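I have placed the structure first, in the form of structure tokens, so that the comments after it can refer back to it.
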Amino acid sequence: MARKDFIIKEKNFHSDKISTQIRAVAIGLLIIIWGILIEKAKPISVALKKHLLAIALIALLVMFLDFLQYLFGYANNTALLHQMDKEKKDEIQYDYSDWCYKGQRCCFWSKIIITFIAFFYFIIVAIFILIK
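In terms of the working numbering, the sequence shown is residues 27 to 158.
Here is the structure:
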């Protein structure tokens with residue numbers, strides 16, 4: 027049997043690892059794209075360059091969503107701490123309807139989905155580059 031506190035600990039661990047991997051993929055895409063774009067030995071078409079730049083912009087969007095996720099989390103926790111101080115409580119329930127809480131969840135799932143899109147978009151473009 028799994029206890030709730032263990033499951034929460036595991037969820038936090040996996041959430042942190044997912045965010046770390048998302049950052050690694052986004053940064054990796056940016057580095058690879060930069061390398062392809064500055065490579066002079068095998069020039070690529072303007073159309074493929076545009077696709078690579080689009081993928082780079084998507085990777086930057088992922089990084090920004092990662093930042094926003096933590097910003098929303100910080101704002102949510104700050105508001106909860108202020109409420110706890112105001113009500114003189116040591117424990118408080120998360121407000122799942124709060125826009126900061128919703129924003130944090132939305133950014134978390136959005137960055138995962140958008141990273142998958144960017145990765146597979148890059149794979150398709152890379153195949154076209156290799157074929158030429």
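We put the CB at the ideal spot given by N, CA and C, even for glycine. This structure is a prediction, so every number in the text was calculated from the model and none was measured.
Taking residue i as part of the alpha helix (DSSP H), name the residues at either end of that continuous run.
i: Asp42; result: Lys30 to Ile64
i: Lys137; result: Trp125 to Ile157
i: Asp111; result: Val72 to Glu113
Can the beta-carbon of residue i be found closer than 7 Å to that of residue j?
i: Ile64; j: Phe148; result: no
i: Lys137; j: Leu74; result: no
i: Gln109; j: Cys133; result: no
i: Leu55; j: Ala101; result: no
i: Ile155; j: Ile70; result: yes
i: Gln130; j: Gly99; result: yes
i: Ile59; j: Leu78; result: yes
i: Ile48; j: Thr141; result: yes
Just mark residue i as buried or exposed, buried being the case when its beta carbon has 16 or more other beta carbons within 10 Å.
i: Ala52; result: buried
i: Ala67; result: exposed
i: Ala50; result: exposed
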